[in-house]
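The opening residue of the sequence shown carries number 0 in numbering that gives the first Met the number 0; numbering runs sequentially from there. Built from N, CA and C at the ideal position, the CB exists for glycine as well. Please read these numbers as outputs of a predicted model, since none were measured by experiment. Notes to accompany the following structure.
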Amino acid sequence: MKLALIGYGKMGHAIEQIARSRGHEIVSIIDVNNPEEFESEAFRSADVAIEFTAPSVALGNYRKAFAAGVPVVSGTTGWLEHMPEVQEACRNGQTFFYASNFSLGVNIFFALNKYLAQVMNQFPAYEVKMEETHHIHKLDAPSGTAITLAEDIIARLDRKTAWVEGREPAENEIGIKAIRRDEVPGIHTICYESDVDTITITHDAKSRMGFALGAVVAAEFTCGKKGFLTMQDMLKF
Numbered sequence: 000m001k002l003a004l005i006g007y008g009k010m011g012h013a014i015e016q017i018a019r020s021r022g023h024e025i026v027s028i029i030d031v032n033n034p035e036e037f038e039s040e041a042f043r044s045a046d047v048a049i050e051f052t053a054p055s056v057a058l059g060n061y062r063k064a065f066a067a068g069v070p071v072v073s074g075t076t077g078w079l080e081h082m083p084e085v086q087e088a089c090r091n092g093q094t095f096f097y098a099s100n101f102s103l104g105v106n107i108f109f110a111l112n113k114y115l116a117q118v119m120n121q122f123p124a125y126e127v128k129m130e131e132t133h134h135i136h137k138l139d140a141p142s143g144t145a146i147t148l149a150e151d152i153i154a155r156l157d158r159k160t161a162w163v164e165g166r167e168p169a170e171n172e173i174g175i176k177a178i179r180r181d182e183v184p185g186i187h188t189i190c191y192e193s194d195v196d197t198i199t200i201t202h203d204a205k206s207r208m209g210f211a212l213g214a215v216v217a218a219e220f221t222c223g224k225k226g227f228l229t230m231q232d233m234l235k236f
């Protein structure tokens, strides 16, 4: 498979390493210093582009890739207010795979979180809260993964209707504490607490390689497909 990389920071380098180890060819690498590469024949020859950049430039990157006819797999978070535009492009023939987190372990954690929230809906004595910790370079807070976790809880826990970060939550809100520290790849913790005990689940990423592998596997899944795709399409659990 011919891959293009949009964003060549630490994640981009990790994705390149794994993609090459799986026999894929990197035909184009685009970073802040060469945006003209979107217009190149090399970029247009890619079967899929994998995009990990910043919230402020993500939508523009998608538009440029779509203009070149290149499907996009993206793990950039913090831009989701523009999701309707991307979904509309997919209805008009483009291909886009989005995940707030590509790690297989995190997606197992997503499934566990949904199940636990469904169970805890029967036990209103438990208050739920969340904490996420990432490296100091992460621009958005809370993380896209934390937002996904919170929204999955809200969909199953009748007593919660919204999430908040940066202030004390109201009774109907889930409080998310976002911490930025050192080079932490990502830690997400969900805690249900009552007067008598505490139930906690945590996912602690050891490195970026799990995210990078998941992104490459998603690109392999996306190649040749059309429309809007997610990890639920690929993993089906």
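{"Check": "Could you name each continuous alpha helix (DSSP H) segment of 4 residues or more that falls completely within the region 46–134, going from the start of the chain to the end?", "Outcome": "54–66, 82–90, 103–119"}
{"Check": "Using only the alpha-carbon positions, how far apart do A204 and P123 sit?", "Outcome": "31 Å"}
{"Check": "What do you reckon, are the CB atoms on G226 and C89 nearer than 7 Å?", "Outcome": "yes"}
{"Check": "For K1, report the span of its alpha helix (DSSP H) as first-last.", "Outcome": "Taken as a continuous stretch (DSSP letters only), K1 belongs to no alpha helix (DSSP H), being part of the beta strand (DSSP E) at 1–5."}
{"Check": "Kindly indicate which residue of E38, S44, P83, A41 has the alpha-carbon position closest to the one of S58.", "Outcome": "Sequence inspection shows Leu at residue 58; the Ser mentioned does not correspond to that position. Closest by alpha carbon: P83."}
{"Check": "For the region 166–176 against the region 90–109, are there 3 or more C-beta pairs whose distance is under 8 Å?", "Outcome": "no"}
{"Check": "So, for I186: in the same chain, excluding its five sequence neighbours on each side, which residues have a beta-carbon less than 6 Å away from its beta-carbon?", "Outcome": "T132, D203"}
{"Check": "With DSSP as the reference, label S20 as helix, strand or coil.", "Outcome": "helix"}
{"Check": "List the whole-angstrom C-beta distance separating V72 from F96, where the pair is believed to meet the contact cut-off of C-beta under 8 Å.", "Outcome": "4 Å"}
{"Check": "Could you check what DSSP says for T201 in three-state terms: helix, strand or coil?", "Outcome": "strand"}
{"Check": "For the alpha helix (DSSP H) that R240 lies in, which residues bound it at each end?", "Outcome": "This structure gives no information on residue 240, because the portion of the chain shown stretches from 0 to 236."}
{"Check": "Since A149 and M129 should fall inside the 8 Å C-beta cutoff, what is the C-beta to C-beta distance between them, to a whole number of angstroms?", "Outcome": "6 Å"}
{"Check": "Are the beta-carbon atoms of S20 and A45 separated by less than 7 Å?", "Outcome": "no"}
{"Check": "Which whole runs of the beta strand (DSSP E) in the region 174–201 are 3 residues long or more, in chain order?", "Outcome": "186–192"}
{"Check": "Mind checking which residues open and close the beta strand (DSSP E) that includes L228?", "Outcome": "226–228"}
{"Check": "Starting from V215, trace the beta strand (DSSP E) both ways and give me its first and last residue.", "Outcome": "Premise fails: V215 lies in the alpha helix (DSSP H), 208–221, not in any beta strand (DSSP E)."}
{"Check": "Within this structure, are the beta carbons of F42 and A3 separated by less than 7 Å?", "Outcome": "yes"}
{"Check": "Beta-carbon within less than 8 Å of T199's beta-carbon, same chain only, minus the 5 sequence neighbours each way: which residues are those?", "Outcome": "T188, I189, C190, Y191"}
{"Check": "With DSSP as the reference, label E172 as helix, strand or coil.", "Outcome": "strand"}
{"Check": "May I ask you to list the residues that DSSP assigns as paired with V31?", "Outcome": "DSSP, once it has assigned bridges, lists no residue as partnering V31."}
{"Check": "Between K137, L156, I152, which lies nearest to Q121 when the distance is taken from Cα to Cα?", "Outcome": "L156"}
{"Check": "So E254 is in the beta strand (DSSP E); what residue range does that whole segment cover?", "Outcome": "Residue 254 lies beyond the residue range present for the chain, which begins at 0 and ends at 236; the question has no answer from this structure."}
{"Check": "If we count the other Cβ atoms within 10 Å of its Cβ and call it buried at 16 or more, is S142 buried or exposed?", "Outcome": "buried"}
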